[in-house]
Amino acid sequence: MTPTTCSSCSSPLPAVAADQRRPDLCAACVARSSGAVPPSTLPPVPSWPVGPGAPGAPPMGYGTPAALVTRTRVPDALLLGIAAAAIAGVAWWAVVATTKTTFTYGAIAVGILVGQAVLIGARKGGVVPALIAVAASLTALVVAEYFIQRTVAINDFNANVPLWLGFSTAKDIVREAVEDEPLTAVFWGVAAVAAALSAGSRTRRPIL
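Numbering follows my numbering, with no gaps: position 103 of the sequence shown is 104.
What follows is the structure, given as structure tokens:
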């Protein structure tokens, strides 16, 4: 049976023997045994079996794996931001309609929820997710404020207010509500900051 590894150093043998008289030796060991090459110029003979998975060989070293690069997913951030803004806005309006109390602090909760939703969609914080979160949360607050004022008018004055009166009328209703209660604008600003901080920090990662 033709040997497959060198009997001296256990390195794999070539298909054609280096010395037909000693087919069990590799070229380096043939040269070493014949004295054609000084031993100092030859590579050292390993003290363990060579070859992948050879028994007794030292374990293979593995370097530190490269960190995964997480890219900001803007479309997902937009989608989840819009969905969260709609849900949070409806929830805020429902609380006010049920309790008949203007829950101003709810604006901050809207900002936090929208910011976290944008961060989940983006998978990475940054300037773009922060801007998306601010825009989505403020839009939710403005739209919810219109329907809150409509609900208040119906409950307090028995007014027959249509569901939608147009953008111009809605803008006037929201502006008058903010002018009558300046703290509303303050809480909207706090909500925008909360949304930006939730989605904008590059060190933050989504909770879910």
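Glycine residues also receive a C-beta, built at the ideal position from the N, C-alpha and C atoms.
What number of angstroms, rounded off, separates the C-alpha of G201 from the C-alpha of W94? Counting from 1 along the sequence shown, the entry for residue 201 is found at position 200. Counting from 1 along the sequence shown, the entry for residue 94 is found at position 93. Using only the alpha carbons, I get a separation of about 27 Å.
My assumption, with CB atoms under 8 Å, is that R124 sits in contact with R74. Please give the rounded CB distance. One-based indexing of the sequence shown puts residue 124 at position 123. One-based indexing of the sequence shown puts residue 74 at position 73. Going by Cβ atoms, the distance from R124 to R74 rounds to 6 Å, so yes, they are a contact pair.
Can you check DSSP and say which residues form a bridge with T6? For this step, residue 6 is matched to residue 5 along the sequence shown. Its beta-bridge partners are P13.
Sub-8 Å separation of D20 and L26 beta-carbons: Within the sequence shown, residue 20 is the residue found at index 19, counting from 1. Within the sequence shown, residue 26 is the residue found at index 25, counting from 1. Yes. Within cutoff.
Span separating the alpha-carbon of L114 from that of L198: Residue 114 sits at position 113 when you count from the first residue of the sequence shown. Residue 198 sits at position 197 when you count from the first residue of the sequence shown. Taking the CA atoms as reference points, L114 sits about 11 Å from L198.
Return helix, strand or coil for G126, following the three-state DSSP convention. Within the sequence shown, numbered from 1, the residue matching residue 126 stands at position 125. Residue state, collapsed to three classes: coil.
For A134, count neighbouring Cβ atoms within 10 angstroms of its own Cβ and tell me buried if that reaches 16, exposed if not. As a first step, residue 134 is located in the sequence shown; it is residue number 133 there, counting from the start. It is buried - the Cβ of A134 has at least 16 other Cβ atoms within 10 Å.
Under the assumption that F188 contacts Y106 (Cβ atoms under 8 Å), give the Cβ distance between them as a whole number of angstroms. Within the sequence shown, numbered from 1, the residue matching residue 188 stands at position 187. Within the sequence shown, numbered from 1, the residue matching residue 106 stands at position 105. The pair is a contact, with the Cβ atoms about 7 Å apart (cut-off 8 Å).
Just how far apart, CA to CA, sit A98 and V91? In the sequence shown, counting from the first residue as 1, residue 98 sits at position 97. In the sequence shown, counting from the first residue as 1, residue 91 sits at position 90. Going from the Cα of A98 to the Cα of V91 covers about 10 Å.
Identity of the residue in A137, T204, D173, A118 nearest Y147 by Cα: Taking the first residue of the sequence shown as position 1, residue 147 is located at position 146. When only C-alpha atoms are compared, the closest one is D173.
Sequence-distant residues of the same chain with beta carbon closer than 7 Å to G82, five excluded per side: Counting from 1 along the sequence shown, the entry for residue 82 is found at position 81. Cβ within range, chain order: V115, A118, V119, G122, I133, A134, A137.
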